[in-house]
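Numbering-wise, the sequence shown is residues 1 to 225 according to UniProt numbering.
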Amino acid sequence: MKGDLFSSRHMAQPAVAPGMTVENAKCLRYTVNGEMLARQGAMIAYRGNLQFERKGQGVGGMLKRAVTGEGLPLMAVRGQGEAWFAHEAQNCFIVDVEPGDEFTVNGRNVLCFDATLSYRIATVKGAGITGGGLFNSVFTGHGGLGLICEGNPLVIPVSPQYPVYVDTDAIVGWTAGLKTSLHRSQSIGSMLRGGSGEAVQLVLEGEGYVVVRPSEATPQKSGQH
């Protein structure tokens with residue numbers, strides 16, 4: 001067969017080592033030799049001897065339905081082979097978590113991760129159970145974390161002199177060492193739309209980085225899991 005479709009630009013590349021790699025801007029490839037974890041429904045193709053097992057609510061169960069509208073069930077992938085993961089053609093990225101690191105990420109942005117990583121659920125102080133993105137997964141350990149984002153993410157340095165204010169619907173994640181709180185302000189845009197005029201931002205203070213996406217959260221599609 002000939003044509004641009006069959007060019008090297010679209011062709012799956014040979015695996016060089018176990019683990020996670022970026023296949024293209026919209027897809028991650030994981031060479032499995034043992035076990036890894038991914039969001040259910042994110043596998044788009046695989047080859048080899050792999051088994052897939054549902055892991056219950058996982059991250060999403062603890063993130064609570066109030067945050068995402070739907071849970072984020074996980075699945076374990078075991079065996080030897082290759083699997084490709086994607087979600088709604090969102091852009092894919094890899095974060096390498098090293099011992100001593102801590103990366104907090106919104107559950108809606110998790111695609112897949114190494115089984116060597118551990119995670120717990122943290123809430124933004126004073127956030128209660130309302131607002132998007134205020135329940136987050138905190139990843140620690142040593143391994144790769146595959147993320148998805150609508151568009152190219154923006155990484156903003158945070159310093160003690162320059163705290164960063166982020167729309168709670170646009171937050172993707174942040175690094176260790178940052179203190180979070182909520183800030184309420186008057187929004188001209190909200191007042192023009194006929195709302196109360198009050199907007200809420202997530203304030204990050206300290207030394208580190210915050211990752212935001214170039215769009216606000218959109219409602220989950222009906223029936224999506």
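We treat Cβ as the ideally placed atom computed from N, Cα and C, and that holds for glycine.
Bear in mind that the values here come from a model prediction, so they are computed numbers and not experimental data.
Candidates the options, of which the one nearest residue i by Cα
| i | options | result |
| --- | --- | --- |
| P99 | T140, Q201, A15 | T140 |
| G107 | P18, P214, V172 | V172 |
| I94 | L147, N136, N152, V164 | L147 |
| V105 | F85, A76, S137, A115 | S137 |
| E23 | V155, V110, D96, W84 | W84 |
| L74 | D96, A42, P157, W174 | A42 |
| Y209 | Q51, I121, H142, V158 | V158 |
| W174 | V164, S185, V211, D167 | V211 |
| F52 | V77, I44, D96, Y30 | V77 |
Own chain residues within Cβ distance below 8 Å of residue i, not counting five before or after
| i | result |
| --- | --- |
| A25 | N91, C92 |
| L28 | M20, T21, V22, W84, F85, A86, C92, I94, L111, C112, G146 |
| I44 | C27, W84, F85, A86 |
Pairwise C-alpha distance: residue j and residue i
| i | j | result |
| --- | --- | --- |
| G79 | N49 | 6 Å |
| D169 | M20 | 28 Å |
| H183 | A15 | 46 Å |
| A199 | T180 | 16 Å |
| L117 | A38 | 12 Å |
| T68 | N109 | At T68 the pLDDT is 40, less than 50, meaning the model places this residue with poor confidence and gives no usable figure here. |
| H10 | A17 | 20 Å |
| A176 | Q161 | 17 Å |
| R47 | A89 | 21 Å |
| L154 | F103 | 16 Å |
| T123 | L202 | 12 Å |
| N33 | A12 | 19 Å |
| Y30 | D167 | 32 Å |
| V164 | E205 | 7 Å |
| D101 | S8 | 36 Å |
| Y119 | L178 | 17 Å |
| E207 | D96 | 19 Å |
| G3 | Q40 | 34 Å |
| I121 | E35 | 22 Å |
As assigned by DSSP and simplified to three states, the class of residue i
| i | result |
| --- | --- |
| N33 | strand |
| D4 | helix |
| N91 | strand |
| G100 | coil |
| N136 | strand |
| G41 | coil |
| G107 | helix |
| N152 | coil |
| K55 | coil |
| M11 | coil |
| V16 | coil |
| H142 | coil |
| R47 | strand |
Other residues of its chain near residue i: CB distance less than 7 Å, five sequence neighbours each side excluded
| i | result |
| --- | --- |
| G151 | N91, R213, P214, S215 |
| C149 | Q90, N91, F93, N109, V172, R213 |
Supposed close pair residue i, residue j - CB separation, criterion 8 Å
| i | j | result |
| --- | --- | --- |
| D114 | G144 | 5 Å |
6 Å CB neighbourhood of residue i in its chain, flanking five on each side removed
| i | result |
| --- | --- |
| R54 | M75 |
| I156 | V164, V210 |
| S185 | A199 |
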